[in-house]
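This report concerns only the one structure given below.
Chains as they are written, first to last, in our numbering: chain U, 42 to 596; chain Z, 7 to 340.
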């Protein structure tokens, strides 16, 4: 196995490549907290482009330019402001993990258009935080400062003369016929779906060859490219961190063998794969993958439930900014901001008696929007549950209803017994109706658990699309014995329930499973785990305590 | 502006290419929705298509690309009235575009400086007679998507605000792309796209290698690469132009109508829009292939694109709607 290269030399390599061909490589994804190490790296950026800093909150007119309101008013003729993207630039995006999808899409477009390079400073601290995938895919290089210790710091800036020479040589660097194949196969072996990865790796290899003064891409260049470009994109190998890398997957090896290894005699792509795997600790890969998964489960992190379908909002303190298409000026706050300066500003030439308001005074209205929460109760009314504690479950649901009413949550009620699940009550805030339906709920019959999950999931997805935040609360004893199609077949019923539980998890619907059986059911616990749900076995308790547990779990 | 990647040089992704060509032949089919992984050539294909299409003749300086001087809207002001040839417009709609930018609004510059009320056309005006491309359509604000689909269907943009009352033609083909991992599209919106295509990275290594090779050749020498493929692109363009003129003459036998209806019934697709799109797409394909009448094979070839997004979602079916359509096509149209 190849030993992981020294992180400082890795950073040096990455920065040198970036200096040689910033546009071809797209840029650098730098995962680092603010600190001296990061400053050292950003200080060593030597791209032949002007540096421009931007933040995730950047507005459109700053990006694309447009009419400069203040200057226009002052001059009495239209004055155009310049945008950051007007000319080719090296964009440095601070707090890149917080870039909203809209900004990521615009920057991605700018990168596709050519001419720009992006350095994304990803300060993601939590597992789920990470650079927007649209950008991560387009930036060739990745650096993580985790393993970089300040005491080992070495000068990072590439030699300007060597970089200049490499830039001159870059266009002429030839790529041997096997190189593209080798990099593509390495990417495939690392299970990287995007086709941008091998292309960017090829660009990196070419820059590396130019930097080393070669006219042809050599194996060393490909290795470097694989470790800098492909490594972090790979899906983590299944082994735990710290173990030596596994021998290549037999299936992969076969696939490559039949694909015609004879055409790539000089560059064994196993080596490239290994170079990529050795470049990063395995737990880092796992962490990145977790970030990706969290994003996927979030179901559109950007346009999620916080911003859509809200009917109310709590005002927040106004903040400075410029009024635009989707923001509202807070007039009073703006005037209050401008007031102290009126005397001072009156000294400047201008019309007398008029209020003098400068762009810096503008204050924007902000609201905190929380979308409506819907609690979807799925109550098991089967015979087994009825015998045990249907009454208790009913009582708990009623108490919780009261709390939901106080918090203005919506409530929906699904009951399941016999051969299927019924939506007894579509989402409502009516306490009276819900109580009435609940009280009238009869018990008895087998347990169609899968049907209940399905009805719950359908409803949750529908409500989500309407901008609400659904939570699924299952009250059941977990003895599902009716399959989805209504046939009494315990095995199929369990398989159906498990499939649906996976679907619930995949769609990111938060769920809660309350085990109302007399003794906690291991099967139900497993099902809750599959669902990604909170599992609560309920000891013999009165309804008051049941409601307390529920409220605590949902808080 | 550098030459875009040649359309005919795109490796594989036949269904996506077919769908785009069909909308180029008959814009009435409606938009195309392309869903798939990152880096599968979605944006590349749209931009390539624009370069492939025959140029349009329009009034010089007209904000809505009018085909005749009489059609120029009166708010556009006096124009020289000369005709110019320009490439088919492909307008990018950035995410987070405000409603003002999309539909057009009061010209703030003229309002501020001269105190005049004037209309500043938006992206919809620019896209008239061309394509409107939205990358990551699933992340676009819902109200903008509603608005777009509404205009795309009516072919007219109506602006009523701030004392302005303006309408102008906005006939364009909507092309949306997105990555399902990042969010879904509401079924009501899905249904409004004429065709939908799922793209995936090619699984087989040789194809992937070929993609990388061609892209690399293009990046290194754009002019040379485009020239190399120019003949193929030109042939395809000629075929599209021929298909456009042949389209009205393509016959639609009754048996084909029955096939469409039977297929939609068997799939349980909602509404009649599925059948109509299926028919139009099949007819466009017949025209593209130079057939005199629509045949069952044409219906079969376009059925997945035309129907896969119109099925009721079944959370249990892990195979997805593509497999369901394929299965039903095999059963109903043997």
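For glycine and all other residues, C-beta sits at the position ideal for the given N, C-alpha and C.
In this text the structure is predicted, and so the values were computed from the model without any measurement.
TODO: Quick one: grab the DSSP three-state call for residue 517 of chain U.
DONE: strand
TODO: Starting from residue 175 of chain U, find everything on chain Z with Cβ-Cβ shorter than 9 Å and list it in chain order.
DONE: 44, 141, 142, 185, 188
Open item on the list: Using the Cβ count rule (16 or more neighbours within 10 Å means buried), how would you classify residue 458 of chain U?
Closed with: Residue burial is scored here from C-beta neighbours: residue 458 of chain U has at least 16 other C-beta atoms within 10 angstroms and is therefore classed as buried.
Task: Contact residues within the segment 207 to 232 of chain Z, judged by C-beta distance below 7 Å to chain U - done: 207, 211, 212, 214, 215, 217, 218, 219, 221, 222
Task: residue 530 of chain U at chain Z interface by Cβ criterion, 8 Å - done: no
- [ ] Output yes or no for whether 8 Å exceeds the beta carbon distance between residue 246 of chain Z and residue 31 of chain Z.
- [x] yes
Task: Proximal residues to residue 339 of chain Z (C-beta, below 7 Å), its chain only, five neighbours per side dropped - done: 265, 269, 302, 305, 306
- [ ] Tell me the start and end of each unbroken alpha helix (DSSP H) in the segment 287 to 314 of chain Z that is at least 4 residues and wholly inside, in chain order.
- [x] 302 to 313
- [ ] Could you tell me which chain Z residues have their CB closer than 8 Å to the CB of residue 239 of chain U, listed as they occur along the chain?
- [x] 214, 218
Open item on the list: Between which residues of its own chain and residue 91 of chain Z is the CB-CB distance below 7 Å, once the five residues before and five after are set aside?
Closed with: 61, 63
Open item on the list: Taking the straight line between their C-alpha atoms, what separation do you get for residue 375 of chain U and residue 470 of chain U?
Closed with: Cα atoms of residue 375 of chain U and residue 470 of chain U: separation of roughly 39 Å, rounded to the nearest angstrom.
Task: Exposure label - residue 161 of chain Z; buried when at least 16 CB within 10 Å - done: exposed
Task: Simplified DSSP state of residue 26 of chain Z, which is helix, strand or coil - done: The answer is helix: DSSP assigns residue 26 of chain Z an H, G or I state.
Task: Interfacial residues, the segment 96 to 110 of chain Z to chain U, with Cβ spacing under 9 Å - done: For the segment 96 to 110 of chain Z, which is checked against every Cβ of chain U, the residues closer than 9 Å are 98, 100, 101, 102, 103, 104, 105, 106, 107.
Task: Between the CA atoms of residue 218 of chain U and residue 341 of chain Z - distance to the nearest angstrom - done: Nothing about residue 341 of chain Z can be read from this structure; chain Z reaches only from 7 to 340.
Open item on the list: By alpha-carbon positions, which one of Z/250, Z/329, Z/309 ends up nearest to residue 294 of chain Z?
Closed with: Z/250
Task: Given residue 149 of chain Z as reference, the closest of Z/13, Z/108, Z/259 once Cα atoms are compared - done: Z/108
Task: chain Z contact residues for residue 397 of chain U, given Cβ-Cβ distances below 9 Å - done: Per Cβ cutoff of 9 Å: no residues; residue 397 of chain U is ~17 Å from chain Z at best.
- [ ] Could you tell me whether the Cβ atoms of residue 289 of chain Z and residue 317 of chain Z are closer together than 8 Å?
- [x] Using a Cβ distance threshold of 8 Å, residue 289 of chain Z and residue 317 of chain Z do not count as a contacting pair.
Open item on the list: Using the three-state DSSP reduction, which class does residue 603 of chain U fall into: helix, strand or coil?
Closed with: Nothing about residue 603 of chain U can be read from this structure; chain U reaches only from 42 to 596.
Open item on the list: Quick check on residue 236 of chain U - is its C-beta less than 8 Å from some C-beta in chain Z?
Closed with: Judged by the 8 Å Cβ criterion, residue 236 of chain U is in contact with chain Z.
Task: Length-filtered (3 minimum) beta strand (DSSP E) runs lying within the segment 516 to 578 of chain U - done: 552 to 556, 575 to 578
- [ ] For residue 126 of chain Z, name the three-state secondary structure that DSSP assigns.
- [x] Of the three classes helix, strand and coil, the one that applies to residue 126 of chain Z here is strand, per DSSP.
TODO: Compare the C-alpha of residue 420 of chain U against each of U/234, U/553, U/560 and name the closest.
DONE: U/553
TODO: Kindly list, in the order they appear in chain U, the residues whose Cβ is closer than 8 Å to that of residue 49 of chain Z.
DONE: 153
Open item on the list: Give me, in chain order, the residues of the same chain whose beta-carbon lies closer than 8 Å to that of residue 238 of chain Z; leave out the 5 immediate sequence neighbours on both sides.
Closed with: 12, 14, 15
Task: Status (buried if at least 16 other CB within 10 Å, exposed otherwise) for residue 233 of chain Z - done: Around the Cβ of residue 233 of chain Z, a 10 Å sphere holds fewer than 16 other Cβ atoms; the residue is exposed.
Task: Exposure of residue 562 of chain U, with buried meaning 16 or more beta-carbon neighbours within 10 Å - done: buried
Task: Per-residue contacts from residue 221 of chain U into chain Z (C-beta, under 7 Å) - done: Within chain Z, 215, 218, 219, 222 have C-beta atoms less than 7 Å from the C-beta of residue 221 of chain U, given in sequence order.
Task: Neighbourhood of residue 129 of chain U by C-beta, 7 Å cutoff - its chain only, sequence neighbours within 5 removed - done: 90, 156, 157
Open item on the list: Against chain Z, does residue 477 of chain U count as a neighbour if the rule is that its beta carbon must be under 8 Å from one of theirs?
Closed with: no
TODO: Please go through the same chain and pick out, in chain order, the residues whose beta-carbon is closer than 6 Å to the beta-carbon of residue 79 of chain Z, but skip the five residues on each side of it.
DONE: 174
- [ ] Would you kindly report the start and end of the unbroken beta strand (DSSP E) that includes residue 175 of chain Z?
- [x] 170 to 175
Task: Where residue 467 of chain U sits in the DSSP three-state scheme - done: strand
Open item on the list: In the DSSP output, what is residue 49 of chain U paired with across the bridge?
Closed with: BP columns for residue 49 of chain U are empty, so no partner.
Task: Status (buried if at least 16 other CB within 10 Å, exposed otherwise) for residue 190 of chain U - done: Burial is judged here by how many other beta carbons sit within 10 angstroms of a residue's own beta carbon; residue 190 of chain U has fewer than 16 and is exposed.
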